[in-house]
Structures are given as C-alpha cells and as structure tokens.
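Residues 0 to 418 in numbering that gives the first Met the number 0 are what the sequence shown lists, from first letter to last.
Glycine included, C-beta positions come from ideal geometry on N, C-alpha and C.
Quantities reported herein were computed from a predicted structural model and do not represent experimental measurements.
Worksheet: the structure to be examined is printed underneath.
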Amino acid sequence: MGFKFIHAADIHLDSPLRGLSAYENAPAEQLRNASRDALKELVGKAIEDKVAFMVIAGDLYDGDWRDYNTGIFFAGQMGRLAKAGIRAYVLHGNHDSESEMTKKLVLPDNVVTFSSRTPQVHKIEDLKVEIHGQSFPNRAVEDNLAAGYRPKVGDYYNIGVLHTALEGYAAHPNYAPCTVEELHAKGYDYWALGHVHQFQQWDGPSTIVFPGNLQGRHVRETGRKGAVSVTVDDSGHSKVERLFLDVLRWEVLKLDISQCLSMEEVARKVGQGLTALLDDAYVPRAVRVVLEGKTYMHGWLFGNASALRAQVLAQAAAIGADQLWIEKVRLATALVESDLPSGAANEALAELRGIFSEAWEDPEFLQELQEQLRPFLNKVSDELKEDVPLLDLARGSQFADIVKEVAPGMLAQLSATEA
Ligand SMILES: [Mn+2]
C-alpha cells in the first residue's frame with residue numbers, strides 16, 4: 000500500500016535569528032517567531048498532504064528551554080497533527096539530548112519519542128513500516144549509533160532515523176559518525192538523517208537524506224530551507240520531494256562593482272542585484288551585500304562606509320520595505336594598482352606599506368596589539384564577535400590576520416586622501 004511521510008530535522012525551535020538585531024526597523028516579532036512559524040508551516044503541510052506520519056531527526060530544540068513556552072508551543076503543534084490522525088516520531092540530537100533538557104512536558108499520544116538508552120524499532124502494522132532510531136543521551140555522542148540498529152528483516156518498509164555528522168562535515172561537530180556505505184548495508188529503504196543543515200541526498204540500495212534545517216538562522220545558512228516529503232509506492236520505491244517552508248531566507252549577494260565610477264552607480268548596481276533576488280514566492284529576505292572587484296573608488300568607499308550603507312538600505316527599502324532586510328554591507332573591493340599616488344606621498348605610503356607587511360610577522364608588535372585590544376575584547380559579547388569577522392579573528396588571537404585584513408583598507412584610504 001502506498002503512503003506518504005514527511006522527514007524534517009534541525010528545527011531548533013525558538014533559536015533566535017542572528018544578525019538583524021542592530022537593524023533600526025527590524026521586524027522583531029517576525030524574527031523571534033521565525034522558527035515557530037516554520038514549524039506551523041510544516042504541520043500545516045503534513046495535514047494538507049494527508050501524510051501517514053512525520054519523522055523529526057534530531058535538534059527539534061536548540062537547547063534547554065528558557066521556560067516552558069517552547070514545549071507548550073510544540074505540544075500545540077503536535078495536537079494539530081493528532082486531530083488529523085498523524086503520528087510524529089521524534090529523535091533527539093546533540094542540541095536536545097536527554098542530558099541537555101532539564102524540563103519536560105507530557106506530549107499528546109501521537110508523539111513517539113526514541114529512547115536514548117537503546118536503539119528502538121517502532122512498527123506501523125497497517126502500513127507495514129518499521130522505524131528505527133536512538134536519541135542522543137548527551138551532547139557529544141562519539142559512538143557510531145547506527146552500528147547498533149537492527150538490520151532490515153522481512154518485507155516491511157524500513158526507515159532509519161539518525162542524528163549524525165556522517166563522515167565528517169567541517170562545519171558540524173563529528174557526532175555519531177558512520178559512512179554512507181554502512182547505512183546502505185543495513186538494508187533499510189530510507190535513512191532520515193539530521194544534524195547537517197544543508198540538504199543532501201544519496202541514492203542506491205537505500206535513499207539517504209539530510210533535509211537541511213527547517214529555517215535558516217543566520218547568514219551562514221543561506222538559501223531555501225525546509226523539509227522533505229517522501230512518497231512510497233506499492234513496490235516500496237521512495238520518491239523524495241523538497242518542501243520549502245522557511246518564513247525568512249538568508250542570502251549573500253556578491254556584486255562586482257569594478258565598472259562603477261560613482262556612488263550613484265554602486266547604488267544602482269545594488270538595487271538591480273536586490274531586485275533579482277526576489278522571486279515570485281513571497282518569502283522575506285535578509286541579505287548580506289558584498290561588494291567586490293578592483294576599483295578606483297576602493298579607498299574612498301572605505302572612508303564613506305556609513306554613506307554606502309545608507310545607500311544600500313535605501314535601495315532595499317525602495318524595493319520592498321517589508322520583505323527585504325540588509326544584514327550587513329561588506330566592502331571587499333581591492334585597490335587598482337595603477338592608482339597609487341606619486342611623489343613624496345607615494346614614498347610615505349610605500350614606507351607605511353613596508354611597515355604593515357613586516358608588522359604581521361613581528362611577534363612584539365602583535366603582542367602589543369593583543370594587550371591594547373584585550374580590555375575592549377573582554378567587553379564585547381560573544382554574539383557580536385561571531386557576527387563581526389574582525390572580532391572573530393581577535394577572539395581566536397589571530398592578530399596577524401587582523402593586520403593583513405585592515406592594512407589594505409587603511410593604505411587605500413590614505414592614498415585616496417592624498418591623491
Ligand atoms: Mn545537531
């Protein structure tokens with residue numbers, strides 16, 4: 000008998016969206032509720048599509064609840080599924096592992112939670128389905144959990160639910176590692192994975208899927224986000240379809256402004272780029288604008304960063320005040336080499352350039368820089384450090400890299416002032 004189910008993961012319910020807090024007209028409510036709104040969309044889609052059940056493959060919660068409201072909200076959404084006769088199979092990952100969560104609520108009977116003590120198999124007799132899984136007992140599970148899952152027996156449709164870094168993703172902690180080959184070897188029909196926040200699918204003996212996270216939370220989680228819908232036909236073949244359920248989307252817009260000769264032209268170029276980002280689907284965007292290319296304006300733009308930011312904000316506001324926010328304007332342009340000033344000024348600049356090029360190799364200078372910056376760095380919040388690349392470098396004591404990043408801009412601005 001054919002049926003359909005939804006596979007979601009990494010919902011990180013009530014995790015704040017980061018990067019728009021300093022925005023004057025930030026839609027605070029919309030940002031705070033994004034992860035909840037995306038979950039509402041997910042549940043709505045499950046009901047509309049009359050799916051047989053839903054699987055959540057870990058990191059449903061971002062961490063221990065600040066208060067009970069997160070759990071009460073989830074119970075409410077599961078209640079909507081219950082009324083539609085849809086069961087939810089929930090597995091917990093590193094963020095919401097057994098030991099992380101100090102508060103608990105009794106959930107509706109349609110919610111089946113995987114134990115963290117031992118791998119479990121849940122049967123759905125009428126559909127001839129078996130669902131395998133084991134939740135994380137604590138945050139850092141370094142064992143291969145999948146190794147303990149029972150292989151497929153009989154002719155049931157088998158789903159393995161697993162929170163895993165698989166063979167290791169640089170951006171994700173290497174929890175519950177295993178290989179794609181091992182997963183295929185279990186003989187399951189489908190592997191519902193979680194943990195890696197980008198969509199990925201492997202076909203072969205098993206269909207193996209990371210659906211990605213349900214809602215992007217910052218500028219490093221760009222593009223369309225959501226879950227997957229899996230249609231299983233009479234012969235047990237699985238067809239995967241992506242569902243885009245995010246309520247706010249992050250983008251990095253890189254623009255080459257080497258052909259622009261004035262601020263006005265830069266502003267128009269940004270306007271065109273932002274317009275092209277918005278497609279027919281009405282999903283608001285949070286955009287980081289990165290300006291690149293070699294330009295005679297490099298130093299001048301560096302010195303007029305706040306005017307540039309205002310120009311970009313004005314373009315965004317004109318295009319769609321309620322569907323477009325600028326997360327950051329990043330100036331990554333470079334100086335045109337032939338644009339160096341001549342004469343005495345040139346000599347002075349050449350000398351300064353020499354000083355800079357030695358500075359990042361000079362341990363004494365770097366030590367002094369670190370000591371000068373320490374009192375300031377101690378006052379900066381971790382969140383800000385993550386959002387500002389230079390502060391992030393400082394946090395990692397990469398002072399040589401700071402000098403390398405700052406020096407070209409300073410030189411460019413000085414040479415522009417002199418010219
Ligand atoms: Mn995870």
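I believe residue i touches residue j by the beta-carbon criterion, under 8 Å. Please report the beta-carbon distance rounded to the nearest angstrom.
{"i": "F198", "j": "R138", "result": "Not confirmed; about 24 Å, so no contact."}
{"i": "D48", "j": "S228", "result": "6 Å"}
{"i": "G147", "j": "Y187", "result": "Actually they do not touch by this definition, with Cβ atoms about 14 Å apart."}
{"i": "K185", "j": "K151", "result": "6 Å"}
{"i": "K378", "j": "A333", "result": "K378 to A333, Cβ: 32 Å. No contact."}
{"i": "V105", "j": "H121", "result": "About 19 Å separates the two Cβ atoms, so there is no contact after all."}
{"i": "Y295", "j": "V335", "result": "5 Å"}
{"i": "D232", "j": "G1", "result": "5 Å"}
{"i": "W64", "j": "K102", "result": "5 Å"}
{"i": "D9", "j": "L213", "result": "7 Å"}
{"i": "L16", "j": "A33", "result": "5 Å"}
{"i": "N157", "j": "E181", "result": "Not confirmed; about 15 Å, so no contact."}
Give a yes or no on whether the C-beta atoms belonging to residue i and residue j are separated by under 8 Å.
{"i": "D95", "j": "Y67", "result": "no"}
{"i": "I55", "j": "R79", "result": "no"}
{"i": "Y88", "j": "F52", "result": "yes"}
{"i": "S274", "j": "I318", "result": "Reading off the sequence shown, one finds Thr at residue 274, where the question assumed Ser. Going by C-beta atoms, T274 is nearer than 8 Å to I318."}
{"i": "A7", "j": "A226", "result": "yes"}
{"i": "S115", "j": "H91", "result": "yes"}
{"i": "Y174", "j": "V140", "result": "yes"}
{"i": "L247", "j": "A306", "result": "no"}
{"i": "R149", "j": "P118", "result": "yes"}
{"i": "A393", "j": "L365", "result": "no"}
{"i": "A37", "j": "D321", "result": "no"}
{"i": "W249", "j": "E220", "result": "yes"}
{"i": "H183", "j": "G203", "result": "yes"}
{"i": "A358", "j": "V402", "result": "yes"}
{"i": "G62", "j": "E99", "result": "yes"}
Whose C-alpha, out of the options, is nearest the C-alpha of residue i?
{"i": "V179", "options": "R373, V208, M296", "result": "V208"}
{"i": "G215", "options": "V105, F243, T163", "result": "F243"}
{"i": "G73", "options": "N109, A51, S98, E99", "result": "Reading off the sequence, residue 73 comes out as Phe, not Gly. For the residues N109, A51, S98, E99, the minimum Cα distance to F73 belongs to N109."}
{"i": "L254", "options": "L165, L290, L126", "result": "L290"}
{"i": "K44", "options": "A33, F4, A27", "result": "F4"}
{"i": "R287", "options": "G70, R329, R373", "result": "R329"}
{"i": "G193", "options": "S234, L161, V239", "result": "L161"}
{"i": "G211", "options": "L16, H11, F2", "result": "H11"}
{"i": "N303", "options": "D278, L277, M262", "result": "M262"}
{"i": "K82", "options": "L90, V42, E166", "result": "V42"}
{"i": "H297", "options": "D321, L260, D278, K327", "result": "L260"}
{"i": "H196", "options": "R17, Y281, T163, V120", "result": "T163"}
{"i": "K327", "options": "R149, L252, Q371", "result": "L252"}
{"i": "E97", "options": "F113, L276, E357, P107", "result": "F113"}
{"i": "R223", "options": "D202, V282, F2, W201", "result": "V282"}
{"i": "S205", "options": "P172, E346, V239", "result": "V239"}
{"i": "L323", "options": "L276, L348, Q397, F301", "result": "L276"}
{"i": "D13", "options": "E370, I71, V50", "result": "I71"}
{"i": "G235", "options": "S257, Q258, D278, Y189", "result": "Y189"}
{"i": "A347", "options": "Y155, D125, L410", "result": "L410"}
{"i": "G84", "options": "A349, P107, T69", "result": "P107"}
{"i": "T69", "options": "R31, T230, L368", "result": "R31"}
{"i": "A191", "options": "P172, N345, Q133", "result": "Q133"}
{"i": "I256", "options": "A331, Q369, P172, L372", "result": "A331"}
Under 8 Å between C-beta atoms, does residue i make it to chain B?
{"i": "H162", "result": "The chain labelled as chain B is not found in the depicted structure, where only one protein chain is given."}
Query raised in the report: Are there three or more Cβ pairs, one per stretch, closer than 8 Å when the region 297 to 315 is compared with the region 349 to 357?
Result: no
Query - In chain order, each beta strand (DSSP E) run of at least 3 residues that lies wholly inside the region 131 to 214 - result: Within the region 131 to 214, the complete beta strand (DSSP E) runs of at least 3 residues are 156 to 162, 189 to 193, 199 to 201, 206 to 209.
Query - Segment contact, 8 Å Cβ cut-off, at least three pairs: the region 265 to 273 with the region 314 to 329 - result: yes
**Report entry** Contiguous beta strand (DSSP E) assignments of at least 3 residues, all confined to the region 258 to 324
**Finding:** 284 to 294
**Report entry** Those runs of the alpha helix (DSSP H) which lie wholly inside the region 17 to 83 and span at least 4 residues
**Finding:** 27 to 31, 33 to 47, 68 to 82
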